[in-house]
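Q: Line by line, the protein sequences are chains D and G.
The working numbering puts the first sequence at residues 7 to 343.
The working numbering puts the second sequence at residues -5 to 144.
Beta carbons: idealized from backbone N, C-alpha and C, even for Gly.
Computed from a prediction, not measured in an experiment: that's the story for all the values here.
First the structure, which I've put down as C-alpha cells, then a few questions once you've had a look.
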Amino acid sequence: MNKKLGDGTSRFADPPRIVSAASVVGPKEAEGPLGGSFDAEIEDEMFGQETWERAESAFTRRGIKLAAEKAGMEIGGADFIIGGDLLNQSIGTTFGARGLTRPLIGIYGACSTFGEGLGLGAMMIDGGFAGRVIVGASSHFCAAERQFRFPLSMGTQRPPTSTWTVTGHGAAVLASEGDGFPRITHFTAGVITDYGVTDANNMGGAMAPAAWDVIARHLRDTGRAPDYYDAIVTGDLGSVGSSLLLDLARGDGADLTGAHADCGVMIYDPEKQDTHAGGSGCACSAATFAAVFYPKLRTRKLNRLLFVPTGAMLSATSVQQGESIPCVAYAVAIENL
Amino acid sequence: MPQIPKEAYKAMVESRSPASPIAADCLKAFIVGGLICCLGQALIDMYKHIGLPADDAGAACSITLVALAALATGLGLYEKLGRFAGAGSFVPITGFSNAMASPALEFKKEGLVFGIGAKMFVVAGPVILYGLVTSFVCGIIQFIVNAVVK
Chain D
7 MNKKLGDGTS
17 RFADPPRIVS
27 AASVVGPKEA
37 EGPLGGSFDA
47 EIEDEMFGQE
57 TWERAESAFT
67 RRGIKLAAEK
77 AGMEIGGADF
87 IIGGDLLNQS
97 IGTTFGARGL
107 TRPLIGIYGA
117 CSTFGEGLGL
127 GAMMIDGGFA
137 GRVIVGASSH
147 FCAAERQFRF
157 PLSMGTQRPP
167 TSTWTVTGHG
177 AAVLASEGDG
187 FPRITHFTAG
197 VITDYGVTDA
207 NNMGGAMAPA
217 AWDVIARHLR
227 DTGRAPDYYD
237 AIVTGDLGSV
247 GSSLLLDLAR
257 GDGADLTGAH
267 ADCGVMIYDP
277 EKQDTHAGGS
287 GCACSAATFA
297 AVFYPKLRTR
307 KLNRLLFVPT
317 GAMLSATSVQ
327 QGESIPCVAY
337 AVAIENL
Chain G
-5 MPQIPKEAYK
5 AMVESRSPAS
15 PIAADCLKAF
25 IVGGLICCLG
35 QALIDMYKHI
45 GLPADDAGAA
55 CSITLVALAA
65 LATGLGLYEK
75 LGRFAGAGSF
85 VPITGFSNAM
95 ASPALEFKKE
105 GLVFGIGAKM
115 FVVAGPVILY
125 GLVTSFVCGI
135 IQFIVNAVVK
C-alpha cells in the first residue's frame, strides 16, 4: 500500500493507537475554564526548582512519567521519546529527559511541536521502527517571557492581540497494538507559510494562513470535506487567529464555523485572567489535547478529530532584525475506527 | 498556500485585530504619571522644608523615587502598576528604576557578572546611550549658536 496520499499526506496502513495522554499545568491554567480536567495541576510555578528553565524540565519529566503511567507501562517500555519546547537549544526537553534512559528525538516546531511529534511518532510506529513512542511538548510562561520579551517584573502593557504562554506539559503514548483506542490515521506536515506579519504580539494573525494551508492540503489529499470531522482543533491561534482562519477558509469556499475550536481560546478566560487573545506555547495544544480532546475520543463523544497545532517560528533575534514571522502547522487526523 | 495577496491579508489581520483602547490608556497614563510627578514635587518640597538647597532637594527626590520603585519592583507591585498605567509609570524616573531592577532580579541566576552585571542594562542601556548622544549633540549645537551670537 502506498502510504503517501496526494501532495504529501501520510496515510498509515495500520494506524497507530494513542493509548494514553497526560497533562501537567501550572496554577494559572488550573484557574482557567479547563481547571480540574488536567491530570496534575501544580500550584508552584517554580515546581520546587531554582530556575524557570529547571521548572519547565520538571514539568516535562512529570508529564512523560504520567503519560507512561496512564498507559500502564514504565518509561523503559518506550522505544523512543519525542519532545520539544520553546527554549533555546530545547533545554526544557533535553534537561527534562536527563535520567530517563530512553532514546530521545528532540524536535522544534515552536507551538506546533506536539503535532509534529504525533506525526513523526506515528510514522515510526507504522514504519515498524518502534512499538511504543512517548510524544510530549512543554512551555513555561516565565521562561518564555524572559527569552522572548521582557523581564517578568517590568511594568509593561500587552496589546489586545497578544497571547499568554501556557505553563505545562502535554504528552501522549503511541503504540502499535491495543484495542479500542483512538488511532492516528493520517498526518499532513505543514509548509512554512509567511504572509508578512511582523508583529510578534500578533502571532495568531501570523499563524492563521499556515493553519489554513495545512488543513486545505489535508482535505485535498484525503478527498475529505471539512464536515467529515466532528472537530477541527487548532493549537494556539487565539481569538484573532481563529477568526482569520475562518475568513481564509471562507475565501476558499470552505466553512469551518461549526467544527472549529482552538485550544488557545479554550484554556483561559480572557476577561478574568487578563490573557487578551488567548493561550499559546507548546503546552497549549498538548495539554488541552490530553485534558479535553483525548478523553472525548476515548468516550466516543468525538470520533473524528483533525488536530492542528500551530507554530510561529520566530526568534528573539529575528524579531529584532525586523523579519516577518514564518509559521507552520501540522494536521493529525485522529479517529475511532 | 491560501490564494490571497500579502497586502490583502495584512488588511484582513488589521480588521480582525482589536485596537488598543488608546483614549482609556492615555487617561490612565496621564493620571498615574501625574500622581508620580505630584509625589516627586511633594518630596522636593519636603526636602527643601528640612533644609536642603534646591538642587540637592531635586537629587534627593530622584534618589527616593528610584529607591521606592526598585522596592516596588522587588515586591512585584510595579509590574501591576505598569500593566494598568503603561507609559504613565514607564516614562517617569520610577520607570527607569523598574527597567534596571527587573532584569537584575530576573537574571540573578546567571550570576553577578554575566547575569545581573550585563543584563541590568538591557532595557535601560539604550536610554542611557541615546541620552548621552542627544546631550552631546545638543551641547555642540549650543556651542555653535553661542559662538555665532557672540
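1) Nearest-angstrom Cα distance between M130/D and A136/D?
2) Does any C-beta atom of chain D lie closer than 7 angstroms to the C-beta of G76/G?
3) Between the segment 157 to 180 of chain D and chain G, which residues of the former have a C-beta closer than 8 angstroms to a C-beta of the latter?
4) Per DSSP, which residues does S16/D bridge with? Please list them.
5) Among the candidates G174/D, R152/D, R310/D, whose CA atom is the shortest distance from the CA of A49/D?
6) Can you check which of these residues, L158/D, R152/D, G184/D, is closest to S321/D by C-alpha distance?
7) For A103/D versus G69/D, is the C-beta distance shorter than 7 angstroms?
8) Between the Cα of L264/D and those of R155/D, A19/D, D236/D, A296/D, spot the shortest distance and give me the residue it belongs to.
9) On the three-state DSSP scale, how would you describe F313/D?
10) Buried or exposed: where does E8/G fall if 16 or more other Cβ atoms within 10 Å of its Cβ makes it buried?
11) Does any C-beta atom of chain G lie closer than 7 angstroms to the C-beta of N208/D?
12) Taking just the CA atoms, how far does S249/D sit from R10/G?
13) Does the segment 295 to 308 of chain D come close enough to the segment 37 to 51 of chain D that 3 or more CB-CB pairs lie under 8 angstroms?
14) Mind checking who A46/D pairs with in its DSSP beta bridge?
15) Near G121/D, what residues of its chain come up, given a Cβ to Cβ distance below 6 angstroms and the 5 sequence neighbours on each side ignored?
16) Can you give me the Cβ contacts of G317/D inside the same chain, cut-off strictly under 6 angstroms, excluding the 5 residues immediately before and after it?
17) Tell whether a beta-carbon distance below 7 angstroms holds between I331/D and A212/D.
18) Looking at C-alpha atoms only, which residue of L92/D, T100/D, G105/D, Y274/D is the closest neighbour of G82/D?
19) So the beta strand (DSSP E) T240/D belongs to, where does it begin and stop?
20) State the DSSP-derived secondary structure class of L344/D, mapped to helix, strand or coil.
21) So what does DSSP say about H282/D, is it helix, strand or coil?
22) If you follow the alpha helix (DSSP H) that H43/G is in, where does it begin and where does it stop?
23) Using a cut-off of 7 angstroms between C-beta atoms, extract the partners of Y201/D located in chain G.
24) G202/D and G244/D: beta carbons closer than 7 angstroms?
25) Below 8 angstroms on C-beta distance, what does A93/G contact in chain D?
26) Would you give the residue range spanned by the alpha helix (DSSP H) that F108/G belongs to?
27) Going by DSSP, what residue range makes up the alpha helix (DSSP H) through G98/D?
28) Can you tell me which residues form a DSSP beta bridge with W170/D?
29) Please check if any C-beta of chain D sits within less than 7 angstroms of the C-beta of G27/G.
30) What do you get for F130/G, buried or exposed, if any count of 16 or more other CB atoms within 10 angstroms of its CB means buried?
31) Compare the C-beta of L250/D with all C-beta atoms of chain G and state if any pair is closer than 7 angstroms.
32) When the distance is taken between beta carbons, is I88/D closer than 7 angstroms to L126/D?
33) Am I right that P21/D and L343/D are in contact with their C-beta atoms under 8 angstroms? What's the rounded C-beta distance?
34) Taking only the alpha-carbon atoms, compute the straight-line gap between T99/D and S286/D and give it to the nearest angstrom.
35) Express the C-alpha separation of S26/D and A74/D in angstroms, rounding to a whole number.
36) Mind listing which residues of the segment 215 to 246 of chain D have their C-beta closer than 9 angstroms to chain G's C-betas, in chain order?
A: Taking the structure as given:
1) Whole-angstrom Cα-Cα distance: 6 angstroms.
2) It does; some Cβ of chain D falls within 7 angstroms.
3) Residues passing the 8 angstroms Cβ filter: P157, L158, S159, M160, G161, T162, Q163, R164, P165, P166, T167.
4) By DSSP's assignment, S16/D forms a beta bridge with K10/D, F193/D.
5) In the sequence as displayed, the identity of residue 49/D is Glu instead of Ala. Comparing alpha carbon positions, the residue from G174/D, R152/D, R310/D closest to E49/D is G174/D.
6) Closest option to S321/D, Cα to Cα, is R152/D.
7) Cβ atoms of A103/D and G69/D: not closer than 7 angstroms.
8) At residue 264/D the sequence reads Gly, which differs from the Leu that was named. G264/D has its Cα closest to that of D236/D, out of R155/D, A19/D, D236/D, A296/D.
9) Strand, per DSSP.
10) Per the 10 Å Cβ criterion, exposed.
11) Yes, because at least one Cβ of chain G sits closer than 7 angstroms to the Cβ of N208/D.
12) In a straight line, the C-alpha of R10/G is about 7 angstroms away from that of S249/D.
13) Here the segment 37 to 51 of chain D makes contact with the segment 295 to 308 of chain D; the two share three or more CB pairs at distances below 8 angstroms.
14) For A46/D, which the question treats as bridged, DSSP gives the partners V30/D.
15) Here the set comprises P315, Y336, V338.
16) Only G115, A116, C117, S118, V334 meet the Cβ criterion.
17) With contacts defined by Cβ atoms closer than 7 angstroms, I331/D and A212/D form a contacting pair.
18) Measuring C-alpha to C-alpha distances from G82/D to each of L92/D, T100/D, G105/D, Y274/D identifies G105/D as the nearest.
19) Unbroken beta strand (DSSP E) run through T240/D: 237 to 240.
20) Because chain D spans 7 through 343 in this model, residue 344/D falls outside it and cannot be assessed.
21) It is coil, neither helix nor strand.
22) DSSP places H43/G in the uninterrupted alpha helix (DSSP H) bounded by 16 to 43.
23) Here the neighbours are K0, Y3.
24) No.
25) Neighbours of A93/G on chain D, chain order: M160.
26) Careful: F108/G lies outside any alpha helix (DSSP H) and carries neither H nor E.
27) Counting along the chain, the alpha helix (DSSP H) containing G98/D begins and ends at 97 to 102.
28) DSSP, once it has assigned bridges, lists G285/D as partnering W170/D.
29) No, its Cβ sits nowhere closer than 7 angstroms to a Cβ of chain D.
30) F130/G comes out exposed.
31) So, interface residue.
32) Against a cut-off of 7 angstroms, the Cβ pair of I88/D and L126/D comes out as a contact.
33) Confirmed, about 7 angstroms.
34) Looking at the two C-alpha atoms, the distance is approximately 18 angstroms.
35) Taking the straight line joining both Cα atoms gives about 8 angstroms.
36) For chain G, the residues of the segment 215 to 246 of chain D that bring a beta carbon within less than 9 angstroms of one of its beta carbons are P215, W218, D219, A222, S245, V246, in chain order.
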